[in-house]
Every structure is written in C-alpha cells, then in structure tokens.
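Novice: Sharing a structure below in structure tokens format, with a few things to ask.
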Amino acid sequence: MENTTNYASRPLWHWIIAYAIIAVIVYGLVYYIIALKKNGNAPVPANQSPAQTLQGTVIGANNLPVNSVVVTISKNGFSPKSVTIKKGQTVVWKNEDASSAHTVTSDNNNGPMSPELKKNSTYSDTFMEAGTYHYHCKLHPEMKGTVTVTE
Ligand SMILES: [Cu+2]
Numbered sequence: 248m249e250n251t252t253n254y255a256s257r258p259l260w261h262w263i264i265a266y267a268i269i270a271v272i273v274y275g276l277v278y279y280i281i282a283l284k285k286n287g288n289a290p291v292p293a294n295q296s297p298a299q300t301l302q303g304t305v306i307g308a309n310n311l312p313v314n315s316v317v318v319t320i321s322k323n324g325f326s327p328k329s330v331t332i333k334k335g336q337t338v339v340w341k342n343e344d345a346s347s348a349h350t351v352t353s354d355n356n357n358g359p360m361s362p363e364l365k366k367n368s369t370y371s372d373t374f375m376e377a378g379t380y381h382y383h384c385k386l387h388p389e390m391k392g393t394v395t396v397t398e
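First residue of the sequence shown? That's 248 in our numbering, and the numbers climb one at a time after it.
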C-alpha cells in the first residue's frame, strides 16, 4: 500500500524524463537500422553498364555486398589509396566530404568513370578483368588511387 502511494506520487517530470530516455533509445535504434539499410543499397549510377550493377548481389553481415570493398573519399583523398581485390569483386566509393564533390575517373578510360559525387553519394564498379586500374578525381587531379585486380 505504501509502495503504491509512493509510486503514484512521483512528480510528473520523473515520468517525462523516463519516457524521454526510452524514446531516445528507441529512435536511436530505428535510425541505426535505417542507416545500415541505406549502406547496403548503394545506388547504382545511371551511366554504369548493366553488367556492372549491384542488383542481385547478396547482402553480407555488414550490409554491403559480400564481394565489395569500400573506399571513402575525403578532402585528404581516397582511403585506402590502393586496394587489391579479386576478379568479380566490387569497389564502392563513398564521398564523405561535406565541402566538395569528387569523381572517380579512370586515368586511361579503362576503369571507373563516376559522375560528380556529392556528400554521401556512392559509386560502385565491379571489376571483371584482372589488371591495375589507376584513377583520379577530375576536380582535384592530385587525388589519386589504384585498384589492383587479381585472378
Ligand atoms: Cu576531388
């Protein structure tokens, strides 16, 4: 009886704070799940040939296509600068630079050719032939990267 009385007589702001904390946790979880889903569905740019789309690829535990490697783009350049993958794997470039758009542009027109990527835009390319692919950013030619594709 005494307990019930104490419980009911808690000031209203106690309840408001308790509900606010629960709401923050729930919204945080929902936001996290949505963010994970977005990463898994990297948009395929319109200028990619159909053979290079990500459609139909299996989504792995980290919500990226199983065979993909991520290269992030910042004002410091591509990171990692060089990646080595196996034939058939996909490289996903993601621009995380809020201050500028960037491109992923093959040095010799034999490799990735992205449009200008705004912040949080991604571009992906699946490499079906072994070789070394050098690329740069059209807007900042000093930004360079390499994809090495092995058999
Ligand atoms: Cu750039």
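For each residue, glycine too, the CB sits at the ideal point set by N, CA and C. Because the structure is a prediction, the values reported are computed rather than measured.
How would you label Asn367, buried or exposed, when you count the other beta carbons within 10 angstroms and need 16 or more for buried?
Specialist: Counting from one through the sequence shown, the residue named residue 367 turns up at place 120. With fewer than 16 other Cβ atoms within 10 Å, it is exposed.
Novice: Mapping DSSP to helix, strand and coil, what is Pro290?
Specialist: For the purposes of this step, residue 290 is identified with residue 43 of the sequence shown, where counting begins at 1. Caution is warranted here: a pLDDT of 46 is assigned to Pro290, below 50, making its placement in the model unreliable, and the coordinate value is therefore given only provisionally. Correct three-state label for Pro290: coil.
Novice: What's the gap between the Cα of Val277 and the Cα of Thr331?
Specialist: Translated into the one-based positions of the sequence shown, residue 277 becomes position 30. Translated into the one-based positions of the sequence shown, residue 331 becomes position 84. For Val277 and Thr331, the distance between alpha carbons rounds to 35 Å.
Novice: With DSSP as the reference, identify every bridge partner of Asn342, one or two as the case may be.
Specialist: Along the sequence shown, one-based indexing puts residue 342 at 95. Paired residues: Ile320.
Novice: Using beta-carbon positions only, say whether Asp354 and Ile320 come within less than 8 Å of one another.
Specialist: In the sequence shown, counting from the first residue as 1, residue 354 sits at position 107. In the sequence shown, counting from the first residue as 1, residue 320 sits at position 73. Not closer than 8 Å, so no.
Novice: Could you pull out every residue in the same chain whose Cβ sits closer than 6 Å to the Cβ of Ala298, ignoring the five residues on either side in sequence?
Specialist: As a position in the sequence shown, residue 298 is number 51, starting the count at 1. At Ala298 the pLDDT is 36, less than 50, meaning the model places this residue with poor confidence and gives no usable figure here.
Novice: Compare the Cα-Cα distances from Asp372 to each of His387, Lys385 and Lys333 and report the closest residue.
Specialist: Numbered from its first residue, the sequence shown carries residue 372 at position 125. Among His387, Lys385 and Lys333, the Cα nearest to that of Asp372 is on Lys333.
Novice: Between which two residues does the beta strand (DSSP E) carrying Val330 extend?
Specialist: Your numbering for residue 330 matches position 83 in the sequence shown. Note, Val330: beta strand (DSSP E), Ser329 to Lys333.
Novice: Report back the beta-carbon spacing between Ser315 and Val351 to the nearest angstrom; my notes put them in contact at under 8 Å.
Specialist: The count along the sequence shown starts at 1 and reaches residue 315 at position 68. The count along the sequence shown starts at 1 and reaches residue 351 at position 104. Not confirmed; about 14 Å, so no contact.
Novice: If the criterion is Cβ atoms closer than 8 Å, does the pair Ser346 and Lys322 meet it?
Specialist: Position 99 of the sequence shown holds residue 346. Position 75 of the sequence shown holds residue 322. Yes, these two residues count as a Cβ contact at 8 Å.
Novice: From which residue to which residue does the beta strand (DSSP E) around Gly378 run?
Specialist: As a position in the sequence shown, residue 378 is number 131, starting the count at 1. Counting along the chain, the beta strand (DSSP E) containing Gly378 begins and ends at Gly378 to His383.
Novice: Report the option in Gln336, His381 and Thr369 whose CA atom is closest to the CA atom of Lys328.
Specialist: Taking the sequence shown and counting its residues from 1, the one referred to as residue 328 is at position 81. With distances taken between Cα atoms, Lys328 lies closest to His381.
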